[in-house]
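Under this note's numbering, the residues of the sequence shown are numbered 1125 to 1267, in order.
Every residue gets a Cβ at the ideal spot worked out from N, C-alpha and C, and that includes glycine.
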Amino acid sequence: MPILDLYEHGDHKKNLAHFATLASLAAVDGEINPKEMAVLEKFAFKLNISEDEFKVVMKKENKYPIETPHSGEKRFKRLFEFFQIIFSDHYIDDDERNIVEKYAIGLGFAPKKASEIIDKSIAIFSGKIAFEDYHHLIKRECN
1125 MPILDLYEHG
1135 DHKKNLAHFA
1145 TLASLAAVDG
1155 EINPKEMAVL
1165 EKFAFKLNIS
1175 EDEFKVVMKK
1185 ENKYPIETPH
1195 SGEKRFKRLF
1205 EFFQIIFSDH
1215 YIDDDERNIV
1225 EKYAIGLGFA
1235 PKKASEIIDK
1245 SIAIFSGKIA
1255 FEDYHHLIKR
1265 ECN
């Protein structure tokens, strides 16, 4: 097996774990409503989840816990990786944003902090960051 296949498998496994977590978050209040299901279907497409994998994850008896990293850096890394996937189509709608915010809270960020992180991440990934933020990031990297 070529080494590239191993990396693809590892990435897919990560994507499947992200998706399973999102499905659990959507179902946390009981049933997944049609609007949430539509968002999950969008995420499944973005995460390259097969129809069979989707069916398995969506079974009512399947509950996937959110593995909360102890390290703050690892939490940011998970969120960063997830944003890379979400912005593969250069867009995030309000319903997707709400689920992503739940995901950030599930990773251990306080609700207010999660909202701030999501807002800043959207700005960064959509290329609409303020000059001050851009300048801060560049100065930090160049020092």
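Exclusion of the five residues before and after GLU1177 leaves LEU1140 as the residues of its chain whose Cβ lies within less than 7 Å of its Cβ.
Close CB contacts of ILE1229 within its chain, under the 8 Å cut and outside five residues either way in sequence, are with PRO1235 and ALA1238 (chain order).
Taking all protein chains shown into account, LEU1203 has 16 or more neighbouring C-beta atoms within 10 Å of its C-beta and is therefore buried. Contact between the segment 1204-1219 and the segment 1160-1172 is present: 3 or more CB-CB pairs across the two stretches fall below 8 Å.
A distance below 9 Å separates the beta carbons of HIS1214 and SER1250.
Comparing C-alpha distances from PHE1211 to each of LYS1170, GLU1225 and GLY1134 shows the shortest one belongs to LYS1170.
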